[in-house]
Amino acid sequence: MVLVSAQPESGPTLTVGVPRETIPGERRVALTPDVVKRLSGRGFRILVEREAGVAASYPDGLYTEAGATIVPDVAQLYREADVILKVQRPTDDEVPLLREGQVIIAFLSPLTRPELVVQLAERKVTALSMDAIPRITRAQPMDALSSMSTIAGYKAVLLAANALSKFFPLLMTAAGTIPPARVLVLGAGVAGLQAIATARRLGAVVEAFDTRPVVKEQVESLGATFLELDVQSSQDASGYATELEEEHIKREIALIKEHAARSDVIITTALIPGRPAPLLLPEDTVANMRPGSVIVDLAAEMGGNCELTKPGETIVRHNVTIMGPLNLPSEMAYHASQMYAKNIGALLEHLAPNANLTFDMEDSITAGVVLTRDGEVLHGPTREWMKERVA
1 MVLVSAQPES GPTLTVGVPR ETIPGERRVA LTPDVVKRLS GRGFRILVER
51 EAGVAASYPD GLYTEAGATI VPDVAQLYRE ADVILKVQRP TDDEVPLLRE
101 GQVIIAFLSP LTRPELVVQL AERKVTALSM DAIPRITRAQ PMDALSSMST
151 IAGYKAVLLA ANALSKFFPL LMTAAGTIPP ARVLVLGAGV AGLQAIATAR
201 RLGAVVEAFD TRPVVKEQVE SLGATFLELD VQSSQDASGY ATELEEEHIK
251 REIALIKEHA ARSDVIITTA LIPGRPAPLL LPEDTVANMR PGSVIVDLAA
301 EMGGNCELTK PGETIVRHNV TIMGPLNLPS EMAYHASQMY AKNIGALLEH
351 LAPNANLTFD MEDSITAGVV LTRDGEVLHG PTREWMKERV A
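With our numbering, the residue at position 196 of the sequence shown is 196, and numbering never jumps.
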């Protein structure tokens, strides 16, 4: 067993720092007062930058009541903290504040930002990424990706319902019967399943498609119809769908086009980690949809599942509204922060059960989440990226 302690057993209480998020549009905060109270009771010393939680509706007073110390100067927070907790990656202005031996935990996106991983290793910072938590039963309380996907799937349906000029539920009125809206969800991962559940709660008729037959039972348990295609597909160790062969992709797009033509709303959620989002809705499929239909593309940040998606924008093409929202969890900052804080709190308690940070690199959770340590890059894909650059 390989154990690396961040401080001696008799050392001081672990000091955790929570800076205010600085990336534009980010309203979440890494710790909420309820988790601060829990960690404080377990021996952690918590520093919170002034107004770090205000955008998420957590004022400073709640933090002080929970046992945190409010720090007015972010540079002081970085100097005093052993561990920095963030939601988003550190910006170019924040990286220089990190010192050798310090730990940072955040969504570091190592598959798409390997250069940041290398930069942190060069500074001899121990970097842990919340989007590298292995999807195993033991790690479920720490699974921040699933938490944020839950929020995105829920919010996507609300955006669609607001943009659609129709009711979602079946209505019996004096003016006659209004049929329910038809919703097609592409991808039945966490976001897709939450979108299905939310659309069903609003009264829509829902269909869902996924290349993984294993999700059929989950889709049907939520009251949706699962669209089946006779292809051999699988999922990787993290539960994500793997890429299909070209002929299968053509058949998949044809099936989607058929059902898209009679849908009022399409929610797309298909992603392949570290790769551009798969194209599921080419322009001719959009052109074949009902006038006034709505597409909400949750894969917009990785290029989009719809050919016409403009990341971060809402556009209208062929009388179809196409929405490419970015960072939907930030729009529900209160609960998104609460869920993320519980995930990150669970990880901290796993790594430092007695407020003494120790890395057991033979533990699957620790080995999966630690990207850099002692100046070395441990993240496999980043190491491959480094080799390719040298070559």
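Backbone N, C-alpha and C define an ideal beta-carbon position, used for all residues, glycine too.
Among the options, the one whose alpha carbon lies nearest that of residue i
| i | options | result |
| --- | --- | --- |
| VAL265 | VAL185, ALA352, GLU49 and ILE249 | VAL185 |
| SER109 | GLU388, LEU371 and ALA52 | LEU371 |
| ALA66 | GLY41, ALA199, ALA139 and GLU349 | GLY41 |
| THR13 | LEU47, ASN162, ARG27 and ASP34 | LEU47 |
| ILE365 | VAL71, LEU97 and GLN140 | GLN140 |
| GLY187 | SER147, PRO278 and LYS250 | PRO278 |
| ALA287 | VAL320, ALA300 and GLU245 | VAL320 |
| ALA300 | PRO114, ALA152 and GLU26 | ALA152 |
| PRO24 | GLU331, GLU100, LEU97 and PRO59 | GLU331 |
| ALA367 | TYR58, ARG113 and LEU128 | LEU128 |
| PRO59 | GLU26, ILE84, GLU245 and ARG20 | ARG20 |
| GLN194 | THR268, MET172 and ILE133 | THR268 |
| MET339 | TYR63, VAL125, ASP360 and MET130 | MET130 |
| LYS166 | ARG135, GLY17 and GLY203 | GLY203 |
| ASN356 | HIS379, PRO134 and VAL103 | VAL103 |
| ARG135 | PRO96, GLY189, THR173 and GLU245 | GLY189 |
| SER146 | LYS342, VAL390, PRO213 and ASP34 | LYS342 |
| ILE196 | THR211, ILE315 and SER221 | SER221 |
| ALA333 | ARG38, GLU49, ARG45 and VAL54 | VAL54 |
| GLU49 | LYS37, MET386, ALA30 and ILE178 | ALA30 |
| ASN305 | HIS318, MET323 and VAL316 | MET323 |
| MET142 | MET386, ALA346, GLU384 and TRP385 | ALA346 |
| HIS379 | PRO114, GLN218, LEU77 and LYS257 | PRO114 |
Residue range of the unbroken alpha helix (DSSP H) whose run includes residue i
| i | result |
| --- | --- |
| ALA127 | Taken as a continuous stretch (DSSP letters only), ALA127 belongs to no alpha helix (DSSP H), being part of the beta strand (DSSP E) at 126-129. |
| ILE272 | It is not in any alpha helix (DSSP H) - ILE272 carries neither H nor E in the DSSP assignment. |
| GLY67 | Taken as a continuous stretch (DSSP letters only), GLY67 belongs to no alpha helix (DSSP H), as it is neither H nor E. |
| LEU153 | For clarity, residue 153 is Gly in the given sequence; the question names Leu instead. Start and end: 144-163. |
| GLU388 | 380-390 |
| VAL35 | 33-40 |
| THR285 | 283-287 |
Boundaries of the beta strand (DSSP E) in which residue i is found, first to last residue
| i | result |
| --- | --- |
| LEU116 | From DSSP, LEU116 is part of no beta strand (DSSP E) but of the alpha helix (DSSP H) over 114-122. |
| ARG79 | ARG79 -> not in any beta strand (DSSP E); alpha helix (DSSP H) instead, spanning 74-80. |
| ARG262 | Careful: ARG262 lies outside any beta strand (DSSP E) and carries neither H nor E. |
| GLU49 | 45-49 |
| LEU85 | 83-85 |
Bridge partners - residue i, DSSP secondary structure assignment
| i | result |
| --- | --- |
| MET172 | THR177 |
| LEU186 | PHE209 and THR268 |
| ALA106 | SER129 |
| GLU376 | ARG373 |
| GLY324 | Answer is none; GLY324 lacks a bridge partner. |
| GLY17 | LEU47 and ILE84 |
Whole-Å CB distance - residue i paired with residue j, under 8 Å assumed
| i | j | result |
| --- | --- | --- |
| VAL87 | ALA68 | Actually they are not in contact, since the Cβ atoms of VAL87 and ALA68 sit about 17 Å apart, beyond 8 Å. |
| ALA394 | PRO329 | Past the boundaries of the shown model lies residue 394; the chain is included only from 1 to 391, so the question cannot be answered. |
| GLY182 | ARG262 | The residue asked about is misnamed: residue 182 is Arg in this sequence, not Gly. Indeed they touch by this definition, with Cβ atoms about 6 Å apart. |
| GLU252 | LEU229 | 6 Å |
| ARG28 | ALA56 | 6 Å |
| THR358 | LEU348 | No, THR358 and LEU348 are not in contact; Cβ-Cβ is about 12 Å, not under 8 Å. |
| MET94 | THR22 | The question names Met, yet the displayed sequence has Glu at residue 94. Sure, about 7 Å apart at Cβ, within 8 Å. |
| VAL296 | ALA156 | 4 Å |
| GLY43 | ASN354 | 7 Å |
| ALA260 | MET289 | 6 Å |
| ALA121 | VAL369 | No, ALA121 and VAL369 are not in contact; Cβ-Cβ is about 15 Å, not under 8 Å. |
| VAL206 | ALA191 | Contact flag wrong, Cβ pair sits at about 14 Å. |
| ALA132 | LEU97 | Contact flag wrong, Cβ pair sits at about 22 Å. |
| VAL117 | THR382 | 5 Å |
Cβ-heavy atom distance, residue i to the ligand ADP, below 7 Å
| i | result |
| --- | --- |
| SER337 | Looking for the ligand ADP in the displayed structure turns up nothing, as the structure carries no ligands at all. |
CB contact below 8 Å: residue i versus chain D
| i | result |
| --- | --- |
| ILE84 | Looking at the structure shown, chain D is missing, and only one protein chain is on hand. |
### Task
Only counting runs of 3 or more residues, tell me where the beta strand (DSSP E) segments fall wholly within the stretch 291-317, in order along the chain.
294-297 and 314-317
#### Entry: Segments assigned alpha helix (DSSP H), at least 4 residues, entirely inside the stretch 193-235
216-221
### Message
Just to confirm the assignment: which complete alpha helix (DSSP H) runs, minimum length 4, are found wholly within the stretch 327-369?
### Response
333-351 and 364-369
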